[in-house]
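Engineer:
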Ligand SMILES: NC(=O)c1ccc[n+]([C@@H]2O[C@H](COP(=O)([O-])OP(=O)(O)OC[C@H]3O[C@@H](n4cnc5c(N)ncnc54)[C@H](O)[C@@H]3O)[C@@H](O)[C@H]2O)c1
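Numbering (this note's numbering), first residue to last: 205 to 608.
Here's what the structure looks like:
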């Protein structure tokens with residue numbers, strides 16, 4: 205049965221997540237003290253424990269065990285990869301949507317049309333991760349049969365990090381691609397009104413010996429969360445991130461948040477921002493236009509709960525072996541050549557996916573994910589409210605001592 209969550213508890217939960225934090229909290233969250241040394245009082249949460257917690261909360265909200273686990277695994281993966289804005293802190297948004305009957309926790313996606321390598325799916329307003337997993341599994345099945353599989357979905361919800369789905373295809377030796385439309389937040393070049401979302405996309409391909417390319421990015425200059433962060437730190441924002449309510453580029457974080465008019469990737473027109481606008485529109489064509497979901501400015505505004513999201517998404521899996529032999533080896537060579545390029549500073553050249561791999565390495569070394577203290581406190585309160593066992597942290601020092 206659906207657990208009814210009191211509004212007061214949810215607002216307290218959100219408040220904790222967005223409240224400003226002291227310097228020590230920030231540095232501890234990064235695993236370091238303010239003097240730059242590792243903080244051995246630091247608590248980490250093992251990955252399995254994160255999944256267990258999210259799964260139980262989602263089940264209490266009304267999902268099946270399988271769907272709760274799918275959401276848990278997805279959100280844990282986002283945190284594991286260092287994308288905390290799309291990990292556990294999204295859970296309360298999903299629960300709120302279920303509670304308000306904006307998302308159906310029991311719905312199953314359904315195939316509308318299925319023709320050889322292509323299918324159209326109706327998500328039936330199920331959780332985005334449930335729709336996403338279903339569609340990418342279908343695309344993979346088709347790619348194994350036809351060399352390529354493409355699935356467009358409508359009736360979906362916020363599906364988390366795009367990279368999760370591309371990696372599903374990569375695990376099967378395929379190239380993965382996905383994108384999603386989202387609530388309007390981007391003001392197209394020359395406009396002063398939001399008409400497209402942050403419309404993220406991802407493409408990934410595995411190379412040899414565990415190496416890989418995983419591009420996973422929004423098509424706006426930044427996410428709204430980065431502007432919220434600047435407000436908390438009482439900082440201005442760089443030119444090219446957002447417009448103010450007057451339609452002019454602003455560096456005032458408060459004004460930018462109030463207007464919620466993100467600039468496309470690239471920023472202003474003279475910095476080629478129209479290319480980011482074009483990419484956002486490309487995503488919309490593959491998502492809303494192909495699937496028949498809502499699209500562009502017609503999608504509900506971000507975090508509003510007055511109507512269902514009806515998002516559109518696109519999933520592709522491609523078998524590289526259907527093309528010239530040796531693509532995996534060529535990719536391995538290329539990634540190596542790129543990383544070995546002479547640098548203009550101290551830092552090494554990276555390829556997409558490297559920052560996330562570095563973060564995962566850190567998590568593995570420390571035995572778990574380091575959450576911001578506010579996130580931990582909020583999760584504890586949420587656990588109490590949902591009647592779920594809170595997450596059990598592990599002390600980093602104990603973990604490292606046990607290993608040595
Ligand atoms: N579902 C949604 O509605 C939604 C909306 C927006 C974003 N997202 C997700 O949020 C996450 C963050 O998106 P973002 O745009 O802020 O990502 P980002 O800017 O942190 O990274 C974008 C890409 O750039 C790569 N990268 C970073 N530094 C690099 C470097 N120095 N050299 C080469 N490559 C580098 C990363 O590996 C990544 O692939 C993504 O997982 C995205 O899917 C989801």
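We treat Cβ as the ideally placed atom computed from N, Cα and C, and that holds for glycine. These numbers come from a predicted model, not from an experiment.
Do you know offhand how far residue 396's Cα is from residue 456's?
Structural biologist: Taking the first residue of the chain shown as position 1, residue 396 is located at position 192. Taking the first residue of the chain shown as position 1, residue 456 is located at position 252. Whole-angstrom Cα-Cα distance: 16 Å.
Engineer: First and last residue of the beta strand (DSSP E) that includes residue 382?
Structural biologist: The residue given as residue 382 occupies position 178 in the chain shown. That run of the beta strand (DSSP E) goes 379 to 384.
Engineer: Which residue marks the beginning of the alpha helix (DSSP H) containing residue 539, and which one marks its end?
Structural biologist: Here residue 539 refers to the residue found at position 335 when the chain shown is read from its first residue. Element bounds for residue 539: 531 to 543.
Engineer: Where does residue 514 sit, in a helix, a strand or coil, going by DSSP?
Structural biologist: Counting from 1 along the chain shown, the entry for residue 514 is found at position 310. For residue 514, the secondary structure class from DSSP, reduced to helix, strand or coil, is coil.
Engineer: Given a cut-off of 8 Å on the beta-carbon distance, is the pair residue 357 and residue 327 in contact?
Structural biologist: The sequence position of residue 357 within the chain shown is 153, counting from 1. The sequence position of residue 327 within the chain shown is 123, counting from 1. Contact: yes.
Engineer: For residue 502, does the count of other Cβ atoms within 10 angstroms reach 16, so buried, or fall short, so exposed?
Structural biologist: Indexing the chain shown from 1 puts residue 502 at position 298. An exposed status is given to residue 502, since fewer than 16 other beta-carbon atoms sit within 10 Å of its beta-carbon.
Engineer: I want to check one thing, is the minimum distance from the CB of residue 555 to the heavy atoms of ligand 1 below 7 Å?
Structural biologist: For this step, residue 555 is matched to residue 351 along the chain shown. Yes, Cβ of residue 555 sits closer than 7 Å to a heavy atom of ligand 1.
Engineer: Relative to the C-alpha of residue 319, which candidate in 342, 486, 384 has its C-alpha closest?
Structural biologist: Start at 1 with the first residue of the chain shown, and residue 319 comes out as number 115. Looking from the CA of residue 319, the closest CA among 342, 486, 384 belongs to 342.
Engineer: Going by the beta-carbon positions, is the gap between residue 536 and residue 415 smaller than 8 Å?
Structural biologist: Against the chain shown, residue 536 aligns to sequence position 332. Against the chain shown, residue 415 aligns to sequence position 211. The answer is yes: Cβ separation under 8 Å.
Engineer: Among all the DSSP beta bridges, which residues are the ones paired with residue 468?
Structural biologist: Here residue 468 is taken as the residue at index 264 of the chain shown, counted from 1. 424, per the DSSP bridge assignment.
Engineer: Just how far apart, CA to CA, sit residue 308 and residue 546?
Structural biologist: As a working note, residue 308 is residue 104 in the chain shown. As a working note, residue 546 is residue 342 in the chain shown. Cα to Cα, residue 308 sits roughly 52 Å from residue 546.
Engineer: Counting only runs that start and end within the stretch 270 to 297, where is the alpha helix (DSSP H) found for 4 or more residues in a row?
Structural biologist: none
Engineer: In the DSSP assignment, find the beta strand (DSSP E) that holds residue 409 and state where it starts and stops.
Structural biologist: Here residue 409 refers to the residue found at position 205 when the chain shown is read from its first residue. First-last of the beta strand (DSSP E) with residue 409: 405 to 410.
Engineer: So the candidates are 392, 377, 401; which of them puts its Cα closest to the Cα of residue 413?
Structural biologist: Along the chain shown, read from residue 1 onward, the residue named residue 413 stands at position 209. Checking every option, the nearest Cα to that of residue 413 belongs to 377.
Engineer: Identify whether residue 591 lies in helix, strand or coil by the three-state DSSP scheme.
Structural biologist: Start at 1 with the first residue of the chain shown, and residue 591 comes out as number 387. Residue state, collapsed to three classes: coil.
Engineer: When you compare only the Cα positions, how much space is there between residue 277 and residue 363?
Structural biologist: On the chain shown, residue 277 is found 73 positions in, with the first residue counted as 1. On the chain shown, residue 363 is found 159 positions in, with the first residue counted as 1. Distance between the alpha carbons of residue 277 and residue 363: 12 Å.
Engineer: By how many angstroms is the C-alpha of residue 272 removed from the C-alpha of residue 263?
Structural biologist: What you label residue 263 is simply residue 59 of the chain shown in a count that begins at 1. What you label residue 272 is simply residue 68 of the chain shown in a count that begins at 1. Roughly 6 Å between the two C-alpha positions.
Engineer: Helix or strand or just coil, what does DSSP make of residue 320?
Structural biologist: Taking the chain shown and counting its residues from 1, the one referred to as residue 320 is at position 116. Note: residue 320 maps to coil in three-state DSSP.
Engineer: Could you have a look at residue 225 and say whether DSSP puts it in helix, strand or coil?
Structural biologist: For the purposes of this step, residue 225 is taken as residue 21 along the chain shown, with counting starting at 1. Only weak support is given to the placement of residue 225: the predicted model assigns it a pLDDT of 37, under 50, and the value that follows is read from those uncertain coordinates. If DSSP states are grouped into helix, strand and coil, residue 225 belongs with coil.
Engineer: Look up residue 355 in the DSSP assignment and give the residues it is bridged to.
Structural biologist: Position 151 of the chain shown, counted from the first residue, corresponds to residue 355. DSSP output for residue 355 lists 323, 519 as bridge partner(s).
Engineer: Is the stretch 485 to 493 touching the stretch 441 to 461 in the sense that three or more CB pairs, one from each, lie closer than 8 Å?
Structural biologist: Touching, no.
Engineer: Given the structure, does residue 280 come close to ligand 1, in the sense that its CB is under 7 Å from one of the ligand's heavy atoms?
Structural biologist: Residue mapping note: residue 280 aligns to position 76 of the chain shown, counting from 1. Flag unset: Cβ of residue 280 not near ligand 1.
Engineer: Whole angstroms is fine: what's the gap from residue 375's alpha carbon to residue 452's?
Structural biologist: Within the chain shown, numbered from 1, the residue matching residue 375 stands at position 171. Within the chain shown, numbered from 1, the residue matching residue 452 stands at position 248. Their backbone Cα atoms lie some 45 Å apart in a straight line.
Engineer: For residue 247, which beta-bridge partners are listed by DSSP?
Structural biologist: What you label residue 247 is simply residue 43 of the chain shown in a count that begins at 1. 599.
Engineer: Would you mind working out which of 411, 587, 304, 511 sits nearest residue 256, comparing C-alpha positions?
Structural biologist: Here residue 256 corresponds to residue number 52 of the chain shown, with the count starting at 1. Among 411, 587, 304, 511, the Cα nearest to that of residue 256 belongs to 587.
Engineer: Measure the Cβ-Cβ separation of residue 347 and residue 330 and say whether it is below 8 Å.
Structural biologist: Within the chain shown, the letter at position 143 stands for residue 347. Within the chain shown, the letter at position 126 stands for residue 330. The beta carbons of residue 347 and residue 330 sit no closer together than 8 Å.
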